[in-house]
């Protein structure tokens, strides 16, 4: 009897603590979502209740489209941004990684070191000069300008992960293809790239989450122009009436939902992808 | 024929190598040089005149109260944040490692804030904690004195710290959990046969084996905290009275509100040096520690 209790008590304490922590993690999101569907006065009379009776869609409808923030426009713009960035970064970085992984001496070694140094740079060092650079090439305040910056900015991390992964692919594969007369381009696109799927998934999740959630870069690149992403859009929209919680929570509902759905859908990939990448770096 | 093949191979290699490398060097490396360059001048970013002033901006920053304050605040967040997240994440990971029915649910819940933009997180907590927010309204109905989580200069840094801990703990937990699962089970079996209790098992097996996870979590957190921006920008903007002003917020104020481009560049360079030096020191210390613990 005594033995049994000894085994049970830690388990109960453990589960209680975990449950409490999970509660602390879920409650803020729960409050944001629930209150997006309540009238302002109901938010204050019962902030925690589920609005069975007084459910209102008014907040969501009202905040769907305002002069500062149109939900569809923000979604569309951000999704396009993520997709284009994702494709360009993975392709360009895989190509670069292939060369860096197969040539580890001389100039290529220096190039690799130069890329690794980029892992430690805070974005603030870039923000002021990049405005001048993008102005010079006429890409300031444009989406291509931001995408170009993303490609450059993500290059150290993606190259680091992908170079490591390609080194695990046997160079003998290259050799035998070379025997058959294939050049580096053919070898990369036909043989290496298809084998990189696991590493590319991990990198892609990183880029997706980073780009979707990035705030400071679009804030600086787009300024107060007509372009906004989801993050800079909600900042614009909420910045003005932070005190009206029904509006705030409705806008936050729009901001949270896409990622939440993605996460529920592909949770396994998210957690393993994001941790695998960071352990390596 | 062979020569042509060789030249062809060179060109193909270049096609693979050049785009990524040129974009990186042209934008990132060139930007760092430009930032250095600007920092030695007196310039507002627009006017044609740029006066060379040497190290004036760097010296001015060191003497500046607000800049030093922002470094202090950043270290406050970085040190407390890294230590507390490490402890909490390790405890949660050890708990989660005993597989139960809800393990995956817990892991998913803790990890979720990692995916939500910090802007949204900041606004959610502003809604919860502001003086006229959800929590204070509830306190009021229960007749308890309201708490000014965001507006009180003593409380605001703690509020920001706690939210950032809340946000990053899930990430640390998942990393530690991965480390725990890499420990071979026979070690524990052997220890049990030798009669080691749970605490001794933790000290002799778990703790040393987690050294690589500890290194990863610590470096990731500390350098991440050095760059803390979004939550503060949204929730307090650096206030009240500069008590939550991090280096990044200070930089944004100088560079993008006051348009003191060259002075802001000097601050950015200081920040880069700080982050790099800390990352190198931490990596060295923690790698040595790993070797000592495992070797």
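Chains as they are written, first to last, in the numbering used here: chain A, 485 to 765; chain B, 278 to 572. Quick reminder that beta carbons are idealized off the backbone N, C-alpha and C, glycines included.
Measuring straight from C-alpha to C-alpha, what distance separates residue i and residue j?
i	j	result
residue 524 of chain A	residue 403 of chain B	16 Å
residue 501 of chain A	residue 445 of chain B	18 Å
residue 377 of chain B	residue 752 of chain A	17 Å
residue 470 of chain B	residue 520 of chain A	56 Å
residue 561 of chain A	residue 610 of chain A	24 Å
residue 687 of chain A	residue 528 of chain A	43 Å
residue 317 of chain B	residue 719 of chain A	34 Å
residue 521 of chain B	residue 291 of chain B	48 Å
residue 522 of chain A	residue 539 of chain A	6 Å
residue 515 of chain A	residue 426 of chain B	18 Å
residue 487 of chain A	residue 401 of chain B	Low confidence applies here, because residue 487 of chain A scores a pLDDT of 48, under 50, leaving its location unreliable and the question unanswered by this model.
residue 548 of chain A	residue 541 of chain A	11 Å
residue 488 of chain B	residue 374 of chain B	17 Å
residue 750 of chain A	residue 382 of chain B	14 Å
residue 504 of chain B	residue 357 of chain B	15 Å
residue 560 of chain B	residue 550 of chain B	15 Å
residue 701 of chain A	residue 663 of chain A	47 Å
residue 369 of chain B	residue 496 of chain B	19 Å
residue 503 of chain A	residue 379 of chain B	9 Å
residue 729 of chain A	residue 739 of chain A	15 Å
residue 415 of chain B	residue 526 of chain A	12 Å
residue 412 of chain B	residue 615 of chain A	41 Å
residue 480 of chain B	residue 486 of chain B	10 Å
residue 310 of chain B	residue 508 of chain B	29 Å
residue 460 of chain B	residue 482 of chain B	8 Å
residue 494 of chain A	residue 361 of chain B	23 Å
residue 419 of chain B	residue 532 of chain A	14 Å
residue 437 of chain B	residue 667 of chain A	55 Å
residue 538 of chain B	residue 308 of chain B	13 Å
residue 759 of chain A	residue 327 of chain B	46 Å
residue 776 of chain A	residue 563 of chain B	Past the boundaries of the shown model lies residue 776 of chain A; chain A is included only from 485 to 765, so the question cannot be answered.
residue 491 of chain B	residue 695 of chain A	27 Å
residue 569 of chain B	residue 583 of chain A	36 Å
residue 646 of chain A	residue 657 of chain A	17 Å
residue 359 of chain B	residue 580 of chain A	34 Å
Taking the DSSP output, what are the residues bridged to residue i?
i	result
residue 328 of chain B	B:319
residue 554 of chain A	A:549
Just checking my contact of residue i with residue j at CB under 8 Å: how many whole Å lie between their CB atoms?
i	j	result
residue 388 of chain B	residue 297 of chain B	About 30 Å; that fails the 8 Å criterion.
residue 544 of chain B	residue 338 of chain B	6 Å
residue 312 of chain B	residue 508 of chain A	Residue 312 of chain B to residue 508 of chain A, Cβ: 40 Å. No contact.
residue 453 of chain B	residue 494 of chain B	7 Å
residue 528 of chain B	residue 608 of chain A	5 Å
residue 736 of chain A	residue 397 of chain B	5 Å
residue 816 of chain A	residue 733 of chain A	In the structure displayed, chain A extends from 485 to 765; residue 816 of chain A sits before or after that span and is not available.
residue 399 of chain B	residue 512 of chain B	5 Å
residue 433 of chain B	residue 517 of chain B	6 Å
Note down, one range per segment and in chain order, each alpha helix (DSSP H) of at least 4 residues found wholly within the stretch 483-525 of chain B.
488-503 and 507-512
Alpha helix (DSSP H) runs wholly inside the stretch 620-683 of chain A, at least 4 long, in chain order
627-651 and 655-663
Residues of the stretch 719-733 of chain A with Cβ closer than 8 Å to any Cβ of chain B, in chain order
719, 722, 726, 727, 729, 732 and 733
Residues of the stretch 502-517 of chain B in Cβ contact with chain A at a cutoff of 9 Å, in chain order, please.
503, 504, 506, 507, 510 and 511
Which whole runs of the alpha helix (DSSP H) in the stretch 552-609 of chain A are 4 residues long or more, in chain order?
555-586 and 590-601
Mind listing, in chain order, the continuous beta strand (DSSP E) runs of no fewer than 3 residues lying wholly within the stretch 406-479 of chain B?
none
Contacting positions in the stretch 681-695 of chain A - beta carbon closer than 9 Å to chain B
Answer in chain order: 693.
Selection of the stretch 632-661 of chain A by Cβ proximity to chain B, strictly under 8 Å:
Those residues of the stretch 632-661 of chain A that come within reach of chain B (Cβ to Cβ, closer than 8 Å) are 632, 633, 635, 636, 637, 639, 640 and 643.
The stretch 576-588 of chain A: positions lying closer than 7 Å to chain B by Cβ
576, 577, 579, 580, 582 and 583
Residues of the stretch 551-570 of chain B whose Cβ lies closer than 8 Å to any Cβ of chain A, in chain order:
Near chain A, meaning a CB-to-CB distance below 8 Å, the residues of the stretch 551-570 of chain B are 552, 553 and 556.
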